[in-house]
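Engineer: Per UniProt numbering, the sequence shown runs over residues 1 to 222.
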Amino acid sequence: MIRLEKVCFAYEKEIALRYVDLHIEKGDSLVIQGPNGCGKSTLIKLLNGIIFPSEGHYFYKDHEITEKALKDRQFAKWFHQQMGYVFQNADTQLFCGSVEEEVAFGPIQMRLPEAEVRERTEDCLRLFGIEKLRERPPYHLSGGEKRKVSLACILSLNPEVLILDEPLAGLDEKTQDMLLTFLKDFHRAGKTLITITHNRQLAEELGTHFAVMNEEHELKMV
Ligand SMILES: Nc1ncnc2c1ncn2[C@@H]1O[C@H](COP(=O)(O)OP(=O)(O)O)[C@@H](O)[C@H]1O
Ligand SMILES: [Mg+2]
Numbered sequence: 001m002i003r004l005e006k007v008c009f010a011y012e013k014e015i016a017l018r019y020v021d022l023h024i025e026k027g028d029s030l031v032i033q034g035p036n037g038c039g040k041s042t043l044i045k046l047l048n049g050i051i052f053p054s055e056g057h058y059f060y061k062d063h064e065i066t067e068k069a070l071k072d073r074q075f076a077k078w079f080h081q082q083m084g085y086v087f088q089n090a091d092t093q094l095f096c097g098s099v100e101e102e103v104a105f106g107p108i109q110m111r112l113p114e115a116e117v118r119e120r121t122e123d124c125l126r127l128f129g130i131e132k133l134r135e136r137p138p139y140h141l142s143g144g145e146k147r148k149v150s151l152a153c154i155l156s157l158n159p160e161v162l163i164l165d166e167p168l169a170g171l172d173e174k175t176q177d178m179l180l181t182f183l184k185d186f187h188r189a190g191k192t193l194i195t196i197t198h199n200r201q202l203a204e205e206l207g208t209h210f211a212v213m214n215e216e217h218e219l220k221m222v
């Protein structure tokens, strides 16, 4: 489903990915580990079509993902709906006036019928136990609350692939447990997960496949 072939990426002069080959099948749960600065977040940005290979190729469901391909609005919409990405810093993702609007934003953008927008919004608010925050402006929430809102936003798009960068960081124990349960259910439902984490327990409980990146910005399956 996801295929990287000899992908390289550099910021200005800073190399961040070196000849990365990666195959992910539908239903896999890939956990990626590696030291700070090795290129994990860069890899995820690339998988999300935020940046593009400077060398090599990226295919999603046999479509090559390039800057040019994503200029096609229909294609871009399809692709971004398939890939749900939870940012490491939830602040960069939240911009609506209320939590409810924030969660409904994606489904409205997808032009779903009003009843379905409402249903998805309610389901996602309930799933993360944030119904009582619905009127609140997202930027005044605590870090953990913001994370739940971001997750609800992503899930309201019903993505095929969920990509998480350190999903447990900064969450209290109860929220961590809730999130772990949710991710396991998501995976059990046949969806694909890509998770960056330093958390051993999360890696063990969630991963079916494991990759490690090193300081040379190479990726190896383990
Ligand atoms: N926007 C950027 N501009 C320049 N260099 C960057 C930028 N983002 C990351 N880097 C560099 O690219 C390398 C990989 O970064 P990153 O993918 O964030 O690593 P990780 O997530 O594994 O900690 C690091 O050397 C980092 O300093
Ligand atoms: Mg990172």
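Don't be surprised by glycine CBs; every beta carbon is placed ideally from N, CA and C.
Hey, would you say the C-beta of residue 11 is under 6 Å away from at least one heavy atom of ligand 1?
Structural biologist: It does: the Cβ of residue 11 is within 6 Å (strictly closer) of some heavy atom of ligand 1.
Engineer: So what's residue 169 in DSSP terms, helix, strand or just coil?
Structural biologist: Reduced to three states, the DSSP call for residue 169 is coil.
Engineer: With 16 other CB atoms within 10 Å as the buried threshold, where does residue 213 fall?
Structural biologist: Flag for residue 213 reads buried.
Engineer: Taking residue 212 as part of the beta strand (DSSP E), name the residues at either end of that continuous run.
Structural biologist: Its beta strand (DSSP E) spans residues 209-213.
Engineer: Let me check understanding here. Comparing Cα to Cα, which of 170, 26 and 201 lies closest to residue 181?
Structural biologist: Answer by Cα proximity: 201.
Engineer: Thinking residue 108 and residue 47 are a contact (beta carbons under 8 Å), I'd like their distance in whole angstroms, please.
Structural biologist: Not confirmed; about 25 Å, so no contact.
Engineer: Note down the Cα distance separating residue 142 from residue 119, rounded to an integer number of angstroms.
Structural biologist: Approximately 26 Å, taken between the alpha carbons.
Engineer: Alpha helix (DSSP H) containing residue 123: first to last residue?
Structural biologist: 114-127 is the extent of the alpha helix (DSSP H) around residue 123.
Engineer: Which of helix, strand or coil does DSSP assign to residue 227?
Structural biologist: There is simply no residue 227 to check, as the chain begins at 1 and stops at 222 in what is shown.
Engineer: Decide if residue 165 is buried, meaning its Cβ has at least 16 other Cβ atoms within 10 Å, or exposed.
Structural biologist: Residue 165 comes out buried.
Engineer: Pop quiz: residue 58 and residue 64 are said to be a contact at Cβ under 8 Å. What is the actual Cβ separation, rounded to whole angstroms?
Structural biologist: Residue 58 to residue 64, Cβ: 7 Å. Contact.
Engineer: Residues in the same chain with beta-carbon distance under 7 Å from residue 40, minus the five sequence neighbours each way, listed in chain order, please.
Structural biologist: Excluding sequence neighbours, residue 40 sits near 32, 34, 196 and 213.
Engineer: In this structure, how does DSSP classify residue 7 when only helix, strand and coil are distinguished?
Structural biologist: Reduced to three states, the DSSP call for residue 7 is strand.
Engineer: Pull up the distance between the alpha-carbon of residue 56 and that of residue 43, whole angstroms please.
Structural biologist: About 13 Å.
Engineer: Using CA coordinates, which residue listed in 102, 61, 29 and 84 is at the minimum distance from residue 45?
Structural biologist: Among 102, 61, 29 and 84, the Cα nearest to that of residue 45 is on 84.
Engineer: Taking the CB atoms as reference points, tell me whether residue 15 and residue 140 lie closer together than 7 Å.
Structural biologist: Their beta carbons are not under 7 Å apart, which means residue 15 does not touch residue 140 by this criterion.
Engineer: When you compare the CB positions of residue 70 and residue 49, do they come within less than 7 Å of one another, or not?
Structural biologist: Taking 7 Å as the Cβ cut-off, residue 70 and residue 49 qualify as a contacting pair.
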